[in-house]
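K.L.:
Residue numbers (the numbering used here): -10 to 400.
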RNA sequence: GGAGGGGUGCCGGAGUGGUUAAUCGGAGCAGUCUGUAAAAUUGCCGCCCGGAAGGGCUACGUAGGUUCGAAUCCUACCCCCUCCA
């Protein structure tokens, strides 16, 4: 190994262990493993019931990527069996069973997004069904008798639910066991996950020991707080930034995070070097720069990562134009409205049917509420009725962010 | 097998015969302010008709029943929780 490479290694190691880490079990052992020169099996599981990846997931995926760059191999487990159980960390216990086809489709979608961050060439994909399809009662008993109820109840989520009298199904108890068994099958060296996965991952470690394997190391990343600024990013709370979203959406959602989260996002979701982040922190602390400007930088970084620099710049222009200067955006979707020509290129139009039918507003009632709140503009001026006089090409703005260009259609 | 408690809107949680589309909190949406930040403040928050006043429909686990009238009473069923065995 040349000196040059060594330096890179040290630099990378620092990045790996000092940023975007919640907890490592056991750090010393992990470092020894990494020094052993062996290609490590990095385990990452995913549940094909929720195929969309958002920035919260990216925190962990970026870690995987960093490890890959050191030459290690990711083994992605498609949890086609655990998906049927549903991760108990959600409140609702039972989920509908997914069909084979649905799982296939979800897995496909997931993979496309997954490889936007993780290196495809250094990834192996394994399906739980490879081993669990063959499981019989004998094996299930063999697995379950290795653990006690008390052990499983130690999991915070189970514990809380039990204490507050909420149901826990036996099947759910199986979830951590299956996940643990995956580690045994693939002989995982390190399992990656959010801190909320700690219990499940630890169980894998436990089971490996019982089965005579060296226990896997745990690399737990922090949970990214969502755009609402209070809860962890998740699709069901709709406080997420999906990596498949348009540059404009991504940019806008980033701008909507609370200022207090800016540094956190820089650290967890971007490659901006530590020194720069440190400077940024200073600027925020002594108020020498408007936090908005810093957030714009963050938004550009994020959009660039999943789209391109150009898209990021365009998204920023759009943002400034539409939200800061309150002008109409460049591109506005056009809809045809039944119109009655009342002379001089002016048409009388009832906008309600189209807006409701196209789902731009939820219902007629909703539309009336918006009108009552002065939330609808025609070419920049508020309107108070769904019956309007407009020209072909006039622009409607509904709420903050919905724009509609009117195309007239005389019946 | 026995005893008791409970199932309400996106979530939590009131409500025990009419004044209840259902108190309150959270979430959400919109207005003002503004940096799609925070804070503040106002309004909305089942669907349909109506400019409005108002009217109609659907809804409190499911299906029936009593009643002029039921989320509230009765019957059966389904589901959940706790304790005893």
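All C-beta atoms, glycine included, are put in the ideal place defined by N, C-alpha and C.
Look up residue 366 in the DSSP assignment and say whether it is helix, strand or coil.
P.N.:
Correct three-state label for residue 366: strand.
K.L.:
Nearest-angstrom Cα distance between residue 381 and residue 342?
P.N.:
17 Å
K.L.:
Per DSSP, what kind of secondary structure is residue 58 in: helix, strand or coil?
P.N.:
In the displayed model, residue 58 falls within a helix according to three-state DSSP.
K.L.:
Apply the 10 Å Cβ neighbour rule to residue 127 and answer buried if 16 or more other Cβ atoms are within range, or exposed otherwise.
P.N.:
exposed
K.L.:
Do you know offhand how far residue 157's Cα is from residue 70's?
P.N.:
18 Å
K.L.:
In chain order, what residues of the same chain have a beta carbon less than 8 Å from the beta carbon of residue 284, not counting five sequence neighbours either side?
P.N.:
243, 244, 246, 248, 251
K.L.:
Output needed for residue 278: all residues of its chain with C-beta closer than 6 Å, excluding positions within five of it in sequence on either side, in chain order.
P.N.:
272
K.L.:
Who are the near neighbours of residue 46 in its chain, counting only those whose CB is closer than 6 Å to its CB and skipping five residues on each side?
P.N.:
If we look at residue 46 and ignore the five residues flanking it on each side, it has no Cβ neighbours.
K.L.:
Check residue 398 in the structure and name its three-state DSSP category.
P.N.:
For residue 398, the secondary structure class from DSSP, reduced to helix, strand or coil, is strand.
K.L.:
What's the gap between the Cα of residue 404 and the Cα of residue 177?
P.N.:
This structure gives no information on residue 404, because the portion of the chain shown stretches from -10 to 400.
K.L.:
Are three or more beta carbon pairs between the stretch 30 to 41 and the stretch 52 to 67 nearer than 8 Å?
P.N.:
yes
K.L.:
Going by alpha carbons, who is nearest to residue 110 out of 100, 119, 116, 7?
P.N.:
When each option's Cα is compared against that of residue 110, the closest is 100.
K.L.:
So, is residue 48 buried or exposed, given that buried needs 16 or more other C-beta atoms within 10 angstroms?
P.N.:
Around the beta-carbon of residue 48, 16 or more other beta-carbon atoms lie within 10 Å, marking it buried.
K.L.:
What separation, rounded to the nearest whole angstrom, lies between the Cα atoms of residue 190 and residue 139?
P.N.:
17 Å
K.L.:
Tell me which same chain residues have a C-beta within less than 7 Å of the C-beta of residue 330, skipping the five on either side of it?
P.N.:
For residue 330, where only same-chain residues beyond five positions count, the Cβ hits under 7 Å are 336, 399.
K.L.:
Helix, strand or coil for residue 102? Go by DSSP, reduced to three states.
P.N.:
helix
K.L.:
Of all the options 182, 371, 298, 129, which has the alpha carbon lying nearest to the alpha carbon of residue 162?
P.N.:
129
K.L.:
Alpha carbon to alpha carbon, how far is residue 201 from residue 193? Give it in angstroms, no decimals.
P.N.:
12 Å
K.L.:
Mind checking whether residue 338 and residue 301 have CB atoms under 7 Å apart?
P.N.:
no
K.L.:
Determine the burial state of residue 346: buried for a count of at least 16 other Cβ atoms within 10 Å of its Cβ, exposed for fewer.
P.N.:
exposed
K.L.:
Counting only runs that start and end within the stretch 225 to 300, where is the alpha helix (DSSP H) found for 4 or more residues in a row?
P.N.:
236 to 244, 251 to 258, 263 to 274, 280 to 295
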